[in-house]
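Report on one structure; see the data block that follows.
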Amino acid sequence: MRKIQRFGAASTSRRAFLARSGLAAGVVASLVAAACKNDGSGAKSDAAPAGSSSAGSASSAPTAQPKRGGTLSFTVFGDPPNLDMHTNTSVVAYYPLAQVYNQLVRFDPAATVQSPDKIVGDLAKNWEITSDGLQYTLNLNPGVIFHNGAPFTSADVKASLQRIASPPSGVVSPRKLQFNTIDAIETPSPTTVVIKLKRPTAALLTFLASGWTAMYSAADVSGGFDFNTKTNGTGPFTLKQYAKGNRFDLDANKSYFVSGKPYLASLTCFVIPDSSAALASFQSGDLLLWRGPLPSERDALKPVLGNKMEVVTNPANGIWGLNFGPNAPWRDPRVRQAITVAIDRESGIKILDEGEGERGGYLPPHSFWKLPDARLQAVPGYGAAGKDGVAEAKRLLSAAAVAPNVAVSILTRQGQRFETFSAFVQDQLRQLGFNASVRVVETAGFNDALNKRSFEIAPVQQGYALEDPDAIFSESFLTGAPRNYSDVASAEVDALYIKQSQTINDQERLRMVNEMEEKALPLYGKTVLHWYEGRTAWRSNVKGYLPHAGSQIGERYDDVWLNS
Amino acid sequence: MLRYLGARSATAAITLVIVSVLVFLILRVVPGDVATLILQGPDGAGGADPAQVAQLNKDLGLDRPLVVQYLDWAREIAVLDLGRSLWSKSPISHELASRIPLTVELALLATGLTTLIGVPLGVISALRPGGVLDSFTRLFTAIGLSVPNFWLGTVLIIILLHVLNWTPPLGYEQPWTSPLKNLQQMILPAVALSLQYSCVITRMMRSSLIDVLSEDYIRTATAKGLGRNSVVIRHALRNAALPVFTLLSLQVGHLLGGTVVLETVFNLPGVGRYMVESISHRDYPVIQSLIFLFAVVFITINILTDAAYGLFDPRTRVQ
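Line by line, the protein sequences are chains W and Y.
All residue numbers for the first sequence refer to this note's numbering, where the first residue is 1 and numbers rise by one.
All residue numbers for the second sequence refer to this note's numbering, where the first residue is 1001 and numbers rise by one.
Listed below in C-alpha cells is the structure:
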C-alpha cells in the first residue's frame, strides 16, 4: 500500500496553518544547514531581506489593524502582448494580472523565498502525495467563485492545466514542458483533483505555485473566451479596464474567497517605460509602489523622502552572463574557461549594479538549491579572480593555440546597461590580448542573432521565473535547451537532470542537483558573472507589503493596505 | 482647381504604392521576428523554444510567401482596414483610436503656442531690427534652437518636482473626460515642443517681414498716409506670412507623426511611442499601416497647403 503524505490545512485557520508551515520550514532549514554546511544564505533570505533600509521584514500579518479602502498605484515598464497568463513571460503582464488570478498553491506570502518547503495552499487547501510521487490529490477550498459568478471546481483545474500542457491551436504555451509528465487529471468531486504522473516529478508543486499557473474557468477554455483581451479569474481584484500604453484599473473583488480581503478598494497599474518618469512620480507621491529603482535612484530618493519611503533589496533571480558562439575559437572549452577565469567579477558588480550583486553558479546563490560555496569556488573561474586569473587565462589561450590580437566581436543589445556591460567585457578581453570590438543591435536583432547562433560573444541579462533546477536547467543548460546558445552538450548532465527531476526527497534531490551543477559548470556553456538584485520601494503609508525574491512569484496585493 | 487636385491625387496614389512596397520589404529585411519577442517578453529576458517560435510564426501567417503577405495587406489597406496587430491581436484601428486624439491634441497645442509666441516675437523683432528687443529675440531664438525639446521637458519636470513637489498626473485623460487633468498633462510637453518651433517661426517671420517692409508698395502705403500698424497688419503681414504658413503646416505634419522621445519623457501613450514600440516588437502590420497613414497625412497636408496658398496670395490661384 502506498504511503501518503499530507500537506496543507485540515479544518484549521489560515493563520494556524501558516504557523505550522513555518515550524516545519524551520526544522527543514536546520536540517539543510547541517547537511550542506551552508553559509546561512537560506536563513538570510528567510529573515529580513538583505540590504533593507527600514522595516523590510514587515510580514503579511500586519501589526496594526488594516484599514480598508484606497488605491494602490504601481507601475510596469511596458505593455504585455495580451492578457493571457498562460502565454506570457514578462513581468509587465505578471504584475497587473497576478491580482486577477489564483493558483492551486503558492509560495508562502509570509516568506520571501522559493524553497520547496515554503509552498502553501492557495485555491487548494491541502493535498496528499503518494510515497512513489506518482499521484497528487488536492482538496480545493469550497465556495470560490470566478469574477463572472461561476463556481470554481476541479473541472476548472483540469481545464487550466490541460490548456498549459496541451495548448489549443493558436495558443503558444511557453511552460508546457513543465507539465509534460502529467498522465491524467481526474476530478472525483467538485472539490477534489487527482493528478497522476507518468513519472515522479519533484518540481510539480513548484510549477503549480508559479505565478503563471493561473486557474481559468473550464467554460471559458472550451467556450472560446478571448483570453488575449479579457480576464475572468478568482483573484482578489477584477480587471475593470486596460488602456494600452496607459494603465490597468482593477477593483476589489467583493466575493473573494479569503474572508476580509483584499483591504484595498482598487489598484492602478501605470505603464511607464521611462524609469526617470517613474522616479519623479514616486517622489511626488503619484506612485506608491515601485519595483526596480537602481541603487543610485534609491540613494537619490532617500535624502528627499526620508522616512516617507521604505525600500528593500532582494535577489532578483537573474544573471549577467556571457554566451559563447558555436564557432572557433569559442568551441574550445579551454577558451571559454579562459574567459571565465579572467573576468573580474567584483569589478563587474560595481560597474553593472553599483556594487549590489552576488556571485554564484548556475543556480541562484540565495536559493535552497545553491551549490555550497566551497564546492563552487573549486570550479576554475568561480573562485577568486584577479591577476592570477589573467595569467591562468593566458596560459589556457596559449594551450588552445589562440593567436594574440585575434579580432572578437561582442554582440550586445541596445540599452545603456547592456552597452556598459559590453564595454566592461571588451576591457576584460583586451587584457587577454583580444582585439575586441562591440556591435550594438536592438533587442529584436539581438534575439535573432542569438537564436541563429550568428555571434561570437554575447553578454546577456537573463532572468528566471523559478529557482527550481528543473526550470533553470531545462531552459539554459541541457542539450538543446532554448537558451543554451553555446550549444554545449553533456550526456552526463542530461542524465543527472532526469534523475534529480524524479527524486521527491528534497535532501536527496539537493545532493543530485549539486552534483549536476558541479558537472555542468566546467563545461563553460555560459559564464555567470553574478546574480543581480532588485530593489522595491514603497511609500510608508503602504502596509502589509513584502517583496519576494524573484519578480514573478508572490506579487499579489491582497494583504496590502494603506495607512492614509 | 479640380484638375489640379486630381493631378495631385494621382501623383499621391503612385507615391503611396511605392511607399507601401518599400516599407514592406525593408521590414522583412531587418533581423528579428515578432514570434520570438512575444515568447521572450518585451524585455527579452525570457527563453523561446524554437519549435514554439516556428508554431507561432505559422499561427501569425508569417510563414506565407512575401507576395501573398503583401497583397493581403494591400487589399486591406485599400479599403482602409488597417488589420490586426501581431503583438496584441487587437485591431490596429482600435489601438490608434486611443492614441491619435492625444497626438492631435499635442500637435494642435504645440502649434498654437508656437504661433502665439513665434509670430508676435518675429513681428516685434522685424519692426526694430538691431534694437534691444531684436537683439534679445535673436539671442532667445539661438538658445531655443540649440536646446533639445526632450532635455527641456526633463528639466521642466525636475524643476517642478523639486520646487513644488509636483509632477504631471499619471494616466492620460481625454480633454472631454477630465479637462483640468488633461491640461496638467499636456501643457509641459506642449511648451517643450513649442519652444524650438517658435524660434524657427520667429526667425522666419522676422526675415520675411523685413523683406516685405522694404517693398515699394509698403513705401507707397506709408506715403499715402496709412498708420504704421495699418501698414504692417493689413499689407505687410499677409505677404510675410506665406513662408511662415508653410512652415507651420510642415510642423503640424511632423507633430502628427508623433514625438516619441517627448512622449516617453512625459509618459504619454501617443502615436510616436506606439510606432517605436511596434518597431521594437517587429509588429509588421502596425508599422506598415502607421507609415502608410503618415504618408497619407503628409501628402494631404501638402496638397491642402498648396491649395490654401491661393487664399493668401491671389497670384498663386490656379486658373
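Just so you know, even glycine gets a beta-carbon here, dropped at the ideal spot from N, CA and C.
Item	Value
For Tyr-524 of chain W, write down the residues that DSSP places opposite it in a beta bridge.	In DSSP, Tyr-524 of chain W forms no bridge with anything.
Less than 6 Å between C-beta atoms, sequence neighbours within five positions excluded: which residues of the same chain meet that for Pro-329 of chain W?	Val-335, Val-402
Assign Asp-1139 of chain Y to buried or exposed, taking buried as 16 or more other Cβ atoms, counted over all protein chains shown, within 10 Å of its Cβ.	Looking at the sequence shown, residue 1139 of chain Y is not Asp but Leu. Classification for Leu-1139 of chain Y: exposed.
Run the CB neighbour count on Ser-551 of chain W, radius 10 Å, all protein chains shown included, and call it buried at 16 or more, exposed below.	buried
Work out the CA separation of Thr-234 of chain W and Gly-1171 of chain Y for me, nearest whole Å.	27 Å
Ignore the nearest five residues each way along the sequence and tell me which others in Gly-133 of chain W's own chain have a CB closer than 6 Å to its CB.	Pro-200, Ile-504
Residue range of the alpha helix (DSSP H) that Met-1275 of chain Y falls in?	1271 to 1281
What residue does the beta strand (DSSP E) around Pro-1101 of chain Y start on, and which one ends it?	Careful: Pro-1101 of chain Y lies outside any beta strand (DSSP E), inside the alpha helix (DSSP H) at 1092 to 1127.
Can you round the beta-carbon distance between Gly-318 of chain W and Tyr-532 of chain W to whole angstroms, since I take them to be within the 8 Å contact cut?	5 Å
Have a look at W:Ser-281, W:Gly-78, W:Ala-316, W:Gly-285 and flag the residue whose alpha-carbon is nearest the alpha-carbon of Gln-461 of chain W.	W:Ala-316
Check the Cβ-Cβ distances between Phe-270 of chain W and every residue of chain Y, and say whether any is below 8 Å.	yes
Would you mind stating whether Ala-1074 of chain Y and Ser-1009 of chain Y have Cβ atoms separated by less than 8 Å?	no
Under a Cβ-count criterion, where at least 16 other Cβ atoms within 10 Å of its own Cβ denotes burial, should Ser-255 of chain W be classed as buried or exposed?	exposed
Note down the Cα distance separating Gln-502 of chain W from Leu-204 of chain W, rounded to an integer number of angstroms.	10 Å
Runs of 3 residues minimum, wholly inside the stretch 351 to 386 of chain W: which ones carry the beta strand (DSSP E) assignment?	none
Taking Tyr-1070 of chain Y as the query, report the chain W residues whose CB atoms sit under 8 Å from its CB, ordered along the chain.	Chain W residues near Tyr-1070 of chain Y: none, gap ~20 Å exceeds 8 Å.
Please identify, using Cβ separations under 8 Å, the residues of the stretch 1172 to 1192 of chain Y that lie next to chain W, in order along the chain.	Tyr-1172
Under a CB-based cut-off of 8 Å, is Ala-33 of chain W close to chain Y?	Caution is warranted here: a pLDDT of 38 is assigned to Ala-33 of chain W, below 50, making its placement in the model unreliable, and no coordinate value can be reported.
Taking its Cβ as the centre, do 16 or more other Cβ atoms sit within 10 Å of Thr-1177 of chain Y, making it buried, or is it exposed?	exposed
Can you confirm whether Val-1265 of chain Y, when its beta carbon is compared against all beta carbons of chain W, has any partner nearer than 8 Å?	yes
On a CA-only basis, which of Y:Arg-1064, Y:Asp-1033, Y:Thr-1300, Y:Gly-1270 is nearest Gly-245 of chain W? Give me that one, please.	Y:Gly-1270
Counting only runs of 4+ residues fully inside the stretch 1055 to 1097 of chain Y, write out the alpha helix (DSSP H) ranges in chain order.	1066 to 1078
Might you give, ordered along the chain, the residues of its own chain that have their beta carbon closer than 6 Å to the beta carbon of Gly-1032 of chain Y, omitting 5 neighbours on each side?	Arg-1282
Look up Leu-289 of chain W in the DSSP assignment and give the residues it is bridged to.	W:Trp-538
Report yes or no: is there a C-beta of chain Y within less than 8 Å of the C-beta of Glu-297 of chain W?	no
Could you name the residues of the stretch 1265 to 1285 of chain Y whose beta carbon sits closer than 9 Å to any beta carbon of chain W, in the order they occur along the chain?	Val-1265, Phe-1266, Asn-1267, Leu-1268, Pro-1269, Gly-1270, Arg-1273, Tyr-1274, Glu-1277, Ile-1279, Ser-1280, His-1281, Arg-1282
Just to make sure I have the definition right: I need the residues of chain Y whose C-beta is within less than 7 Å of the C-beta of Gln-283 of chain W. Which are they?	Leu-1161
Determine the contact status of Leu-363 of chain W and Thr-420 of chain W, defining contact as a CB-CB distance below 8 Å.	no
Assign Thr-89 of chain W to one of two classes, buried (16 or more other C-beta atoms within 10 Å of its C-beta) or exposed (fewer than that).	buried
For the pair the stretch 75 to 89 of chain W and the stretch 261 to 279 of chain W, tell me if three or more CB-CB distances fall below 8 Å.	yes
If you count every other CB in all the chains shown that lies within 10 Å of the CB of Val-341 of chain W, and 16 or more means buried, which is it?	buried
With 8 Å as the threshold, decide whether the Cβ of Glu-1095 of chain Y is near any Cβ in chain W.	yes
In angstroms with no decimal places, state the Cα-to-Cα distance between Glu-467 of chain W and Pro-116 of chain W.	10 Å
Going by C-alpha to C-alpha distance, which of W:Leu-267, W:Ala-458, W:Ala-400, W:Val-425 sits closest to Val-441 of chain W?	W:Ala-458
Tell me the DSSP secondary structure of Leu-349 of chain W in three-state form.	For the record, residue 349 of chain W in the displayed sequence is Ile; it is not Leu. It is helical.
Is the distance from the Cβ of Thr-231 of chain W to the Cβ of Val-100 of chain W below 8 Å?	yes
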